[in-house]
Amino acid sequence: MQIIWFYYALPVVLGIDIPATLAAVLVLSLYTGAFYAEIVRGGVNSIERGQWDAARAIGMRRGQVMRYVILPQAVKRMVPPFMNQSIIQLKNTSLVSTIAVADLLYEGQMITAATYRPLEVYTMVAVIYFAVLFPLTLKASNTTSPAPTDAALPMSPHSVTDLNPASRRKPGPTGQPLRRSMGGSRLSPGRGIE
Amino acid sequence: MQETTDRPRVETRLDRGSGAMIEIADLWKSFGRVEVLKGISLDVARGGVVAVIGPSGSGKSTLLRCINLLETPDRGHIRVGEREMQFGRGRRAASTDRDLAAFRATTGMVFQHFNLFPHMTALANVTAGPTIVKGRPRRTAEIEGRELLAKVGLADKAGAYPQHLSGGQRQRVAIARALAMGPSVMLLDEVTSALDPELVGEVLAVIEQLAREGMTMVIVTHEIAFAQEVADRVAFMSDGVIVEIGRPAAVLENPQNPRTQNFLARFHRSRAAAP
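These protein sequences, in sequence, are chains A and B.
Numbering that gives the first Met the number 0 numbers the first residue of the first sequence as 0 and each following residue consecutively.
Numbering that gives the first Met the number 0 numbers the first residue of the second sequence as 0 and each following residue consecutively.
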């Protein structure tokens with residue numbers, strides 16, 4: 000919908016012409032940028048207040064707290080939702096075929112139109128998507144595998160690996176699904192130490 | 000982070016030789032409509048140990064957090080060592096993040112829930128302050144860090160991550176981390192409340208040692224017996240004011256204020272019941 004609006008409606012508003020590819024890139028970037036931003040925000044906010052207290056109590060300035068204490072912990076929590084979002088984003092690219100940008104699905108439609116062989120063509124398209132996405136999905140599940148628990152970090156046990164497209168919900172503007180997914184993943188810094 | 004209408008002004012001036020390391024006068028703090036501190040005045044002598052006791056919600060922790068400016072008081076006056084701050088009406092001075100950080104660096108604080116950095120080893124927790132804040136070379140900071148860990152009895156745990164340490168060990172690392180900044184005062188906020196009973200002793204022993212070495216400390220605690228032993232003064236706080244303050248024997252054994260009597264009666268009763 001956003002893609003169609005950007006390509007067909009925005010030019011009318013602004014009085015300029017946007018090439019289909021540019022419109023597609025713009026929309027996908029803005030769309031996913033919003034979610035990435037939310038992941039970063041959620042990651043930073045998920046770090047306990049006590050970490051700020053402790054870091055400031057030994058005299059760190061705001062920037063130092065962020066750099067040495069908050070972000071190293073937050074980034075670890077951000078990785079899994081970040082990967083999930085990226086996988087979703089890759090799948091979203093198929094939507095650009097609606098404005099005639101030549102992505103995989105669009106090319107498939109073209110070939111089908113020329114050959115009248117939808118079964119072979121669309122099967123192949125599906126196989127290609129699967130071949131690209133499946134390894135990424137595996138990698139994401141790996142990243143979210145349970146790490147040693149840490150009593151000092153009370154976190155929710157929810158798992159992040161929800162890669163089933165059927166259960167894929169669009170996170171609302173509140174970012175609720177994202178935040179819920181924040182707590183579950185963590186790569187322990189101490190893994191394999193003992 | 001926090002709403003601050005009046006920002007504190009940090010002035011560095013010579014110690015006026017009063018002997019008091021911490022000087023607090025008429026300190027007020029409210030969160031929204033709730034007044035947490037209602038005109039607290041407290042002096043702590045150099046090398047003095049003041050134990051602050053009182054019921055939950057009486058403002059003990061807020062008082063500590065105000066002393067090292069993790070919370071900004073609404074009005075009042077605080078002096079720690081040579082640094083002095085005035086808060087309140089008309090005092091809208093520009094106090095930068097840098098000033099506040101420099102101030103906090105001279106006061107060590109230990110928290111109820113340790114708040115160790117989980118992504119750092121015990122040693123890295125201790126050296127974080129000196130290397131990042133003071134810019135000390137890593138090598139010397141680590142030598143000193145190991146000494147501090149040895150001092151709190153954890154020489155062999157330098158490479159361990161917090162999640163592999165017991166509560167008592169974590170809290171001792173937290174004490175070493177605070178000491179690494181070479182603070183002139185230590186603020187201890189219910190440091191044993193989150194510990195299993197059998198781990199309390201090892202932490203209290205470290206604090207006792209600090210007291211013997213002449214560290215100026217303000218200790219918020221529920222360990223009445225410990226307060227009696229280590230503190231040279233005990234302050235009883237209730238409802239945002241210091242109701243009673245004096246020598247431990249006087250306040251704890253023979254309280255004058257009814258609220259103190261009431262609070263301590265529970266403790267004495269439970270102690271009498273114990274074998």
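Don't be surprised by glycine CBs; every beta carbon is placed ideally from N, CA and C.
Nothing here was measured: the structure is a model prediction, and the numbers come from that model.
Cutoff 6 angstroms; reference residue 41 of chain B; Cβ partners in own chain excluding five residues on either side: The residue labelled residue 41 of chain B in the question sits at position 42 within the second sequence. Correct list, in chain order: 23.
Distance, residue 225 of chain B Cα to residue 203 of chain B Cα: The sequence position of residue 203 of chain B within the second sequence is 204, counting from 1. The sequence position of residue 225 of chain B within the second sequence is 226, counting from 1. Approximately 8 angstroms, taken between the alpha carbons.
When you check each C-beta in the segment 102-122 of chain B against every C-beta of chain A, which residues fall closer than 7 angstroms? Cβ proximity to chain A below 7 angstroms picks out 103, 104, 108, 110, 112, 113, 114, 115, 116, 117 and 118 from the segment 102-122 of chain B.
Rounded to whole angstroms, what's the CA-CA distance from residue 140 of chain A to residue 80 of chain A? Just pull it up for me. As a position in the first sequence, residue 140 of chain A is number 141, starting the count at 1. As a position in the first sequence, residue 80 of chain A is number 81, starting the count at 1. In a straight line, the C-alpha of residue 140 of chain A is about 11 angstroms away from that of residue 80 of chain A.
Run through chain A and tell me which residues come within less than 8 angstroms of residue 134 of chain B, C-beta to C-beta. The sequence position of residue 134 of chain B within the second sequence is 135, counting from 1. The premise fails here: residue 134 of chain B is roughly 11 angstroms from chain A at the closest Cβ pair, so nothing lies under 8 angstroms.
Applying the 10 Å Cβ sphere with the 16-neighbour rule, what's the burial state of residue 51 of chain A? Mapped onto the first sequence, residue 51 of chain A falls at position 52. By the 10 Å Cβ count, residue 51 of chain A comes out buried.
Can you tell me whether residue 264 of chain B is buried or exposed, with buried defined as 16 or more other CB within 10 angstroms of its CB? Taking the second sequence and counting its residues from 1, the one referred to as residue 264 of chain B is at position 265. By the neighbour-count rule (16 or more Cβ atoms within 10 Å), residue 264 of chain B is not buried but exposed.
Neighbour list for residue 76 of chain A in chain B, Cβ cutoff strictly below 9 angstroms: Position 77 of the first sequence holds residue 76 of chain A. By Cβ distance, chain B contributes nothing, its closest Cβ being about 11 angstroms from residue 76 of chain A, past 9 angstroms.
Closer than 8 angstroms, Cβ to Cβ, to anything on chain B: give me those residues from the segment 43-74 of chain A, in chain order. 47, 49, 50, 51, 52, 53, 54, 55, 56, 57, 58, 59, 60, 61, 63, 67, 68, 71 and 72
Cβ-Cβ distance between residue 69 of chain B and residue 56 of chain A below 8 angstroms: One-based indexing of the second sequence puts residue 69 of chain B at position 70. One-based indexing of the first sequence puts residue 56 of chain A at position 57. At the C-beta level, residue 69 of chain B and residue 56 of chain A come within 8 angstroms of one another.
Within the chosen definition, does the segment 83-101 of chain A reach the segment 140-152 of chain B through at least 3 CB pairs nearer than 8 angstroms? no
Buried or exposed by the 16-neighbour rule on C-beta atoms within 10 Å, applied to residue 246 of chain B: For the purposes of this step, residue 246 of chain B is identified with residue 247 of the second sequence, where counting begins at 1. Residue 246 of chain B should be labelled exposed.
Would you give the residue range spanned by the alpha helix (DSSP H) that residue 51 of chain A belongs to? Taking the first residue of the first sequence as position 1, residue 51 of chain A is located at position 52. Unbroken alpha helix (DSSP H) run through residue 51 of chain A: 48-56.
In angstroms with no decimal places, state the Cα-to-Cα distance between residue 123 of chain A and residue 21 of chain A. Numbered from 1 along the first sequence, position 124 holds the residue referred to as residue 123 of chain A. Numbered from 1 along the first sequence, position 22 holds the residue referred to as residue 21 of chain A. Going from the Cα of residue 123 of chain A to the Cα of residue 21 of chain A covers about 27 angstroms.
Looking at the strands, I want to know which residues DSSP matches up with residue 240 of chain B. Counted from its first residue, the second sequence places residue 240 of chain B at position 241. Its beta-bridge partners are B:237.
Boundaries (first-last residue) of the beta strand (DSSP E) holding residue 250 of chain B: The residue you call residue 250 of chain B lines up with position 251 of the second sequence. Taken as a continuous stretch (DSSP letters only), residue 250 of chain B belongs to no beta strand (DSSP E), as it is neither H nor E.
Counting only Cβ-Cβ distances shorter than 9 angstroms, please list the residues of the segment 233-256 of chain B near chain A, keeping chain order. none
Would residue 124 of chain B and residue 45 of chain B be called neighbours here (beta carbons separated by less than 8 angstroms)? Here residue 124 of chain B refers to the residue found at position 125 of the second sequence. Here residue 45 of chain B refers to the residue found at position 46 of the second sequence. Against a cut-off of 8 angstroms, the Cβ pair of residue 45 of chain B and residue 124 of chain B comes out as no contact.
Whole beta strand (DSSP E) elements within the segment 28-116 of chain B, 3-residue minimum: 33-44, 48-52, 74-79, 82-86 and 106-109
So, is residue 154 of chain B buried or exposed, given that buried needs 16 or more other C-beta atoms within 10 angstroms? For the purposes of this step, residue 154 of chain B is taken as the residue at position 155 of the second sequence. Exposed, because fewer than 16 other Cβ atoms sit within 10 Å of the Cβ of residue 154 of chain B.
Residue 112 of chain A burial status per 10 Å Cβ neighbour count (16 or more: buried): Walking along the first sequence from the start, residue 112 of chain A turns up at place 113. Residue 112 of chain A is exposed by the Cβ-count criterion.
Chain A residues whose Cβ lies nearer than 8 angstroms to that of residue 131 of chain B: On the second sequence, residue 131 of chain B is found 132 positions in, with the first residue counted as 1. What residue 131 of chain B touches in chain A, judged by beta-carbon distance under 8 angstroms, is 59, 63 and 67, going in chain order.
Quick check: the Cα distance between residue 107 of chain B and residue 20 of chain B, rounded to an integer number of angstroms? In the second sequence, counting from the first residue as 1, residue 107 of chain B sits at position 108. In the second sequence, counting from the first residue as 1, residue 20 of chain B sits at position 21. Residue 107 of chain B and residue 20 of chain B have their C-alpha atoms roughly 14 angstroms apart.
If we ignore side chains and look at the alpha-carbon of each, how far apart do residue 25 of chain A and residue 39 of chain A end up? Walking along the first sequence from the start, residue 25 of chain A turns up at place 26. Walking along the first sequence from the start, residue 39 of chain A turns up at place 40. Distance between the alpha carbons of residue 25 of chain A and residue 39 of chain A: 21 angstroms.
With the cut-off set at 8 angstroms, would you say residue 74 of chain B and residue 105 of chain B are in Cβ contact? As a position in the second sequence, residue 74 of chain B is number 75, starting the count at 1. As a position in the second sequence, residue 105 of chain B is number 106, starting the count at 1. Cβ distance not < 8 angstroms, so residue 74 of chain B and residue 105 of chain B don't count as in contact.
Is the Cβ of residue 180 of chain B closer than 8 angstroms to any Cβ of chain A? Here residue 180 of chain B is taken as the residue at index 181 of the second sequence, counted from 1. For residue 180 of chain B, the answer is yes, since a Cβ of chain A falls inside 8 angstroms of its Cβ.
For residue 12 of chain A, I'd like the list of residues in its chain whose CB is within less than 8 angstroms of its CB, leaving aside the five on either flank, ordered along the chain. Within the first sequence, residue 12 of chain A is the residue found at index 13, counting from 1. Cβ neighbours of residue 12 of chain A beyond the five flanking positions: none.
Decide if residue 253 of chain B is buried, meaning its Cβ has at least 16 other Cβ atoms within 10 Å, or exposed. The count along the second sequence starts at 1 and reaches residue 253 of chain B at position 254. Under this definition residue 253 of chain B is an exposed residue.
Let's test the definition: count the other Cβ atoms within 10 Å of the Cβ of residue 156 of chain B and tell me whether it reaches 16, buried, or not, exposed. Within the second sequence, the letter at position 157 stands for residue 156 of chain B. The residue in question, residue 156 of chain B, is buried, as its Cβ has 16 or more Cβ neighbours within 10 Å.
Between residue 111 of chain B and residue 55 of chain B, which are expected to be in contact by the criterion C-beta below 8 angstroms, what is the C-beta distance as a whole number of angstroms? As a working note, residue 111 of chain B is residue 112 in the second sequence. As a working note, residue 55 of chain B is residue 56 in the second sequence. The pair is not a contact, with the Cβ atoms about 12 angstroms apart (cut-off 8 angstroms).
Helix, strand or coil for residue 131 of chain B? Go by DSSP, reduced to three states. Position 132 of the second sequence, counted from the first residue, corresponds to residue 131 of chain B. It is helical.
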